[in-house]
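Okay, so the sequence shown: first residue is 1 according to our numbering, each after it adds one. The C-beta atom is built at its ideal place from N, Cα and C for all residues, glycine as well. In this text, all values refer to a predicted model and were calculated from it rather than measured experimentally. So the structure is just underneath, and the comments pick up after that.
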Amino acid sequence: MRQSEGDLDLAVQGSGFLVLLNGDKVLYARTGQFVVDSEGYISLQGNSDYRLGVLDESGRAVALNVDARRTSAPVATTKVVFADNLSSTATTATVSDVKVYDSLGGEQTWQVTFTKDTANPNNWNVRVTNQAGAEIGTSVLKFINGQVDPATQKMTFTNSPTGAEPLSVEFDFSSGVTSFSSGTVSTLRASSVDGNGVGALTGVTLNDQGRISLAYSNSENTELGSVALADFRDPQQLNRIGDGIFENTGRNPTRLLASNSDGIGRLVSRQLEASNVDLSQQFGDLILIQRGFQASSQVISASNDMIQQLFGIRGQG
1 MRQSEGDLDL AVQGSGFLVL LNGDKVLYAR TGQFVVDSEG YISLQGNSDY
51 RLGVLDESGR AVALNVDARR TSAPVATTKV VFADNLSSTA TTATVSDVKV
101 YDSLGGEQTW QVTFTKDTAN PNNWNVRVTN QAGAEIGTSV LKFINGQVDP
151 ATQKMTFTNS PTGAEPLSVE FDFSSGVTSF SSGTVSTLRA SSVDGNGVGA
201 LTGVTLNDQG RISLAYSNSE NTELGSVALA DFRDPQQLNR IGDGIFENTG
251 RNPTRLLASN SDGIGRLVSR QLEASNVDLS QQFGDLILIQ RGFQASSQVI
301 SASNDMIQQL FGIRGQG
C-alpha cells in the first residue's frame, strides 16, 4: 500500500475486490482512484464508464449518484442550551451571539440581556432582541442558593420570520447554569444551538465503516451506502483485462459484502496498491525532486567558491 492524496483513492486490505459497474457489465478491481463525475456518479478517474458499486438495501451493487444530495436542507432552531455562571454580584450580563435559523435557512443573531431585579436580587429579567434591536420576548430567570429555580429553567421565545414558518425556540438553563459571586464578570454563554442553514456539498469521503459520507458547508454530514466488496472463492476465475481491472470468468456466484464483513478485508481511503500507482506521475515527481536537489547543490557550490575567494583575498592582504 502507498499513501495518496485523494479522499476517494480506495484500496482493499484483505481478499475482497471493489465492484465496478459499466452498464450491464460488472467488473472488479483491488484499488482505484475515484471522483464524482459530471453526472454525479462516483466513477473511476479517467474513465467515467466504470462506476463504483455501493450496496443497496437488498445487498445488490448499484451505482450511487450524489446529484440529488448536493444540498443539505435547512433545519429550524428549536433549542438553545446555556451554561456557566451569571455572577450574583453583577447587575447585568449579555449573551450577544446566539445564532438561530428559520425553516428556510435564514439566519438571525439574537442578543439575550439579563438584568437583575432590584426588588429581588435572585431574579433576573431576560430580554431577547434580534440583530435589528427589535424585541422578541421577555421572561424571568430565578435562582435559589445559586442554582436555577426548576420552575424557570426553561422558557420559550417565538418569532415569525418573513416567508418562513413561525420560529419557537426553547432556552434551557438546566445544564450547569449557576449564579455565584464573581465580581462584575459573568461567563454565561450559549453552549449549544441546534438547527442549521442551507449547506452545499463540500466533500465526498469514505468513513471508517466503509460507507460513503457526504460533508456540507453547514457542518452537517450524511452517510450513504456501504461500498460493495466482492468475495471470490477462487480468485483464479478472474481474468485481468488491463489497468488493474478484472472480469469474472467463473460460474460460481459472487458474494457481495461490506467492509470488515466475514473476513473479506477492510476498505481504506487515501491509499492505493503499489501495483496501481501511476508510475508516470511518480517518475515525474522524482524528476522534480532531483532537479530541485541539483539546483540546491549548484547554489551551495557557488557559495563555497565565493567563500574560498574571500579567504584568498584576506590571505593576500
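Give the DSSP bridge partners of residue i, in chain order.
i, result
"Q13", "R266"
"V204", "L214"
"R2", "L272"
"D49", "Note: D49 sits in no beta bridge, so no partner."
"Q209", "In DSSP, Q209 forms no bridge with anything."
"T321", "In the structure displayed, the chain extends from 1 to 317; residue 321 sits before or after that span and is not available."
"G199", "S72"
"S43", "V35, R51"
"F171", "V80, M155"
"R189", "A83"
"L20", "L27, L52"
"N304", "According to DSSP, which records beta bridges pairwise, N304 is partnered with nothing at all."
"E247", "N239"
"L256", "A230"
Quick check: residue i and residue j, are their CB atoms within less than 7 Å of each other?
i, j, result
"R30", "E273", "yes"
"S15", "G265", "yes"
"G203", "L267", "no"
"A228", "L44", "no"
"T152", "A90", "no"
"F173", "V148", "yes"
"I136", "V128", "yes"
"T205", "D7", "yes"
"E318", "N196", "It is not possible to answer for residue 318, since the shown part of the chain is limited to 1 through 317."
"Q131", "T109", "yes"
"D67", "G106", "no"
"R270", "D231", "no"
"N123", "V140", "yes"
Let me check understanding here. Comparing Cα to Cα, which of the options lies closest to residue i?
i, options, result
"A200", "S103, A73, V36", "A73"
"R240", "F171, L27, D194", "L27"
"I212", "N196, S259, N130", "S259"
"E323", "V75, L64, N65, G40", "No answer is possible for residue 323: the residues shown for the chain start at 1 and end at 317."
"N65", "T89, L21, N85", "L21"
"A11", "G242, D208, S139, A63", "D208"
"R251", "S261, G263, P235, G244", "P235"
"V17", "G242, L104, L238", "This sequence places Phe at residue 17; Val is not what is there. Nearest of G242, L104, L238 to F17, Cα basis: L238."
"G46", "V112, N304, Y216, D243", "D243"
"S217", "G40, T71, Y41", "T71"
"F246", "D9, R2, Q13, K25", "K25"
"T249", "W124, L257, R233", "R233"
"S160", "V193, L104, N145, W124", "L104"
"S175", "Q33, G23, V19, K79", "K79"
"I144", "D262, N120, S38", "N120"
"G263", "Q13, R2, A134, A215", "Q13"
"R69", "S88, M1, L224", "L224"
"K385", "G32, G23, A63, D117", "In this structure the chain extends from 1 to 317, so residue 385 is not present and cannot be described."
"L257", "G32, E57, R2, D9", "E57"
"G146", "V19, V100, S226, S88", "S88"
"D102", "L167, T158, Q33", "L167"
"V19", "L214, V62, V193", "V62"
"F157", "T77, S226, L214, A215", "T77"
"S226", "A134, S261, F34", "S261"
"V337", "D194, F34, G23", "Lying outside 1 to 317, the shown extent of the chain, residue 337 is not represented and no answer is given."
Report yes or no: is there a C-beta of chain C within less than 7 Å of the C-beta of residue i?
i, result
"Q111", "Among the chains in the structure shown there is no chain C, since it carries only a single protein chain."
At 3 residues or longer, what runs of the beta strand (DSSP E) sit wholly inside the stretch 61-126?
If we require 3 residues or more, the beta strand (DSSP E) runs fully inside the stretch 61-126 come out as 61-63, 79-85, 92-101, 107-116.
Any contact of the stretch 48-60 with the stretch 179-198, i.e. 3+ C-beta pairs under 8 Å?
In short, these stretches do not touch, since the Cβ pair count stays below three.
Curious, which full-length beta strand (DSSP E) runs of at least 3 residues does the stretch 127-167 contain?
Annotation note: the stretch 127-167 contains the following uninterrupted beta strand (DSSP E) runs of length 3 or greater, listed N- to C-terminal: 135-144, 154-159.
Check whether the stretch 79-97 and the stretch 182-189 touch, using three or more Cβ-Cβ pairs below 8 Å as the test.
Segments in contact, yes.
How do the stretch 91-107 and the stretch 141-155 stand: do at least 3 beta-carbon pairs fall below 8 Å, yes or no?
In the pairwise beta carbon analysis, the stretch 91-107 is classified as not touching the stretch 141-155: fewer than three pairs are separated by under 8 Å.
Which ranges does the beta strand (DSSP E) cover as unbroken runs of at least 3 residues, wholly within the stretch 213-245, from first to last along the chain?
Runs of the beta strand (DSSP E) inside the stretch 213-245: 221-226, 229-231, 238-242.
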